[in-house]
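In what follows, a structure is listed as structure tokens, so that the remarks can point back to it.
Numbering (the working numbering), first residue to last: 4 to 114.
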């Protein structure tokens with residue numbers, strides 16, 4: 004079974020990673036989609052249009068970040084940026100691995 008996971012970094016990262024490892028051990032193909040914001044300190048040194056692909060302990064991760072835009076003060080703008088990047092990641096994952104049998108989101112928008 005193909006499964007896509009959407010992750011949030013920081014304190015939830017370890018839980019999501021352990022859950023992905025457990026699912027992979029029982030035979031599921033796992034791809035993690037990471038569409039998280041970067042603080043303003045990274046705005047001018049990071050390419051926000053480049054999809055990063057890497058493995059963490061055998062788990063495929065596709066990351067595409069966006070400029071964090073005052074998530075608490077302008078939530079609609081932040082959600083729009085998040086959805087746009089997540090949609091790009093999803094489409095790339097579908098092209099590479101096919102449509103997932105299961106889509107599982109952990110805190111799909113940073114709070």
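By construction, the Cβ of each residue, glycine as well, lies at the ideal position given by its N, Cα and C atoms.
Burial state of residue i (16 or more Cβ within 10 Å)
i: residue 35; result: buried
i: residue 80; result: exposed
i: residue 37; result: buried
i: residue 23; result: buried
i: residue 29; result: exposed
i: residue 78; result: exposed
i: residue 105; result: exposed
i: residue 48; result: exposed
i: residue 89; result: buried
Where residue i falls: helix, strand or coil (DSSP)
i: residue 69; result: strand
i: residue 77; result: coil
i: residue 47; result: coil
i: residue 22; result: helix
i: residue 100; result: helix
Bridge-paired residues (DSSP) for residue i
i: residue 40; result: 69
i: residue 86; result: For residue 86, which the question treats as bridged, DSSP gives no partner whatsoever.
i: residue 56; result: 65
Inter-residue CB distance, residue i and residue j (contact presumed, cutoff 8 Å)
i: residue 95; j: residue 65; result: 6 Å
i: residue 59; j: residue 27; result: Going by Cβ atoms, the distance from residue 59 to residue 27 rounds to 11 Å, so no, they are not a contact pair.
i: residue 40; j: residue 76; result: Residue 40 to residue 76, Cβ: 13 Å. No contact.
i: residue 19; j: residue 109; result: 5 Å
i: residue 72; j: residue 84; result: 6 Å
i: residue 32; j: residue 100; result: 7 Å
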